[in-house]
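Here is the structure we will look at, set down as structure tokens.
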Amino acid sequence: MTAKRIDGKAAAQEIRSAVARLVPAFETKAGRAPGLATVLVGEDPASAVYVRSKNRATAETGMISFAHNLPDTTSEDELLQLVVDLNTDERVDGILVQLPLPPQIDAARVIATIEPAKDVDGFHAMNAGRLATGLDSLVPCTPLGCLFLLTQQLGDLTGLEAVIVGRSNIVGKPVAQLLLAKNATVTIAHSRTRDLPSVVRRADIVIAAVGRAEMIKGNWIKPGATVIDVGINRVATEDGKGRLVGDVAFQEVSEVADAITPVPGGVGPMTIAMLMRNTLVAAHRRAGLPDPEGL
Ligand SMILES: NC(=O)c1ccc[n+]([C@@H]2O[C@H](COP(=O)([O-])OP(=O)(O)OC[C@H]3O[C@@H](n4cnc5c(N)ncnc54)[C@H](OP(=O)(O)O)[C@@H]3O)[C@@H](O)[C@H]2O)c1
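The structure is reproduced here in structure tokens:
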């Protein structure tokens with residue numbers, strides 16, 4: 062058996078097109094386009110690529126992008142002041158501060174300063190708490206992307222056993238909350254989990270968010286499971302260029318699973334698509350409009 066490859070690129074394009082179709086209606090009602098402010102501190106090449114892609118995607122969907130590029134010598138107070146200014150800027154519906162931040166800046170303080178209604182990354186404790194208690198919230202983008210791919214593949218998740226490997230605030234915990242809300246039976250595994258292969262073998266749904274190249278092996282997977290690989294790991298190659306792999310040993314797991322996301326081209330593209338979705342949703346809520354249909 063060879064597993065179906067879940068096409069995250071196509072799903073992401075679908076969401077971005079849906080956002081682009083919905084922007085003009087928002088503009089008509091609100092008298093302005095939705096706006097996303099991105100903040101990049103320093104020159105980390107990977108972060109710069111991510112932020113550029115986010116700004117480009119924002120413009121492509123017809124929303125307004127406000128890009129703030131600050132030097133890596135920026136102090137915490139300077140960054141907090143920018144966040145406070147963006148909180149009160151009426152043109153800005155979403156604020157995204159790209160992580161990681163330089164060592165002189167406490168990321169937790171920055172996240173806590175973002176106005177929760179503009180927290181399109183969904184990292185603020187207010188949004189995390191609202192998600193955990195079943196209230197409307199802005200949900201982190203990568204977990205939303207995982208849920209979208211899972212429901213597209215499986216439909217109703219009720220009663221399915223889901224094992225999430227990884228318990229970060231960015232991926233593991235919010236994805237667990239989303240699956241719980243969809244009536245899956247959820248286990249969160251982590252570095253202290255005993256006999257991880259046996260735990261993973263129970264799962265109808267495996268979500269790998271670990272950051273360890275190809276850690277999850279074929280013989281850990283229950284036949285017919287659906288596997289969502291969030292990991293992005295660069296491994297060395299003979300030509301010196303390196304290549305990206307996930308947390309799942311793709312070839313061997315493909316022999317056992319029913320469906321699997323590739324890396325790249327699986328969860329990765331969903332993150333930016335869901336950022337566009339969250340920006341449009343935040344704009345609607347801030348303008349007192351109902352959430353846009355079909356997202
Ligand atoms: N596709 C995307 O857009 C996207 C977005 C975000 C992240 N990612 C990728 O997803 C991966 C995870 O990201 P993250 O931010 O969630 O990472 P993280 O904050 O480093 O968390 C990693 C989690 O994996 C657990 N872990 C580490 N080693 C383990 C082991 N040997 N066995 C079981 N669990 C283990 C850790 O357990 P402890 O808590 O016990 O330490 C932790 O909970 C990374 O590769 C990252 O690049 C991709």
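Numbering-wise, the sequence shown is residues 62 to 356 according to the numbering used here.
Even glycine gets a Cβ: it sits at the ideal position worked out from N, Cα and C.
Would you grab the beta carbon distance between residue i and residue j for me? Rounded to a whole angstrom, and I think it's under 8 Å.
i           : j           : result
residue 169 : residue 185 : Contact flag wrong, Cβ pair sits at about 10 Å.
residue 103 : residue 133 : 3 Å
Kindly indicate which three-state DSSP category residue i falls into: helix, strand or coil?
i           : result
residue 146 : helix
residue 354 : coil
residue 155 : strand
residue 269 : strand
residue 129 : strand
residue 113 : helix
residue 254 : coil
residue 221 : coil
residue 320 : strand
residue 70  : helix
residue 305 : strand
residue 232 : coil
Please tell me whether residue i and residue j are closer than 8 Å, where the distance is taken between their beta carbons.
i           : j           : result
residue 331 : residue 73  : yes
residue 320 : residue 77  : no
residue 343 : residue 179 : yes
residue 200 : residue 192 : yes
residue 263 : residue 308 : no
residue 268 : residue 318 : no
residue 336 : residue 157 : yes
Look at the alpha carbon of residue i and the alpha carbon of residue j, and state the distance between them as a whole number of angstroms.
i           : j           : result
residue 85  : residue 255 : 52 Å
residue 64  : residue 240 : 22 Å
residue 280 : residue 145 : 50 Å
residue 355 : residue 285 : 29 Å
residue 288 : residue 231 : 19 Å
residue 120 : residue 213 : 27 Å
residue 142 : residue 125 : 21 Å
residue 207 : residue 257 : 21 Å
residue 260 : residue 225 : 10 Å
residue 229 : residue 83  : 32 Å
residue 293 : residue 276 : 12 Å
residue 204 : residue 118 : 19 Å
What are the partner residues of residue i, as DSSP defines its beta bridges?
i           : result
residue 290 : 269
residue 310 : Per DSSP, none; premise fails for residue 310.
residue 100 : 129 and 158
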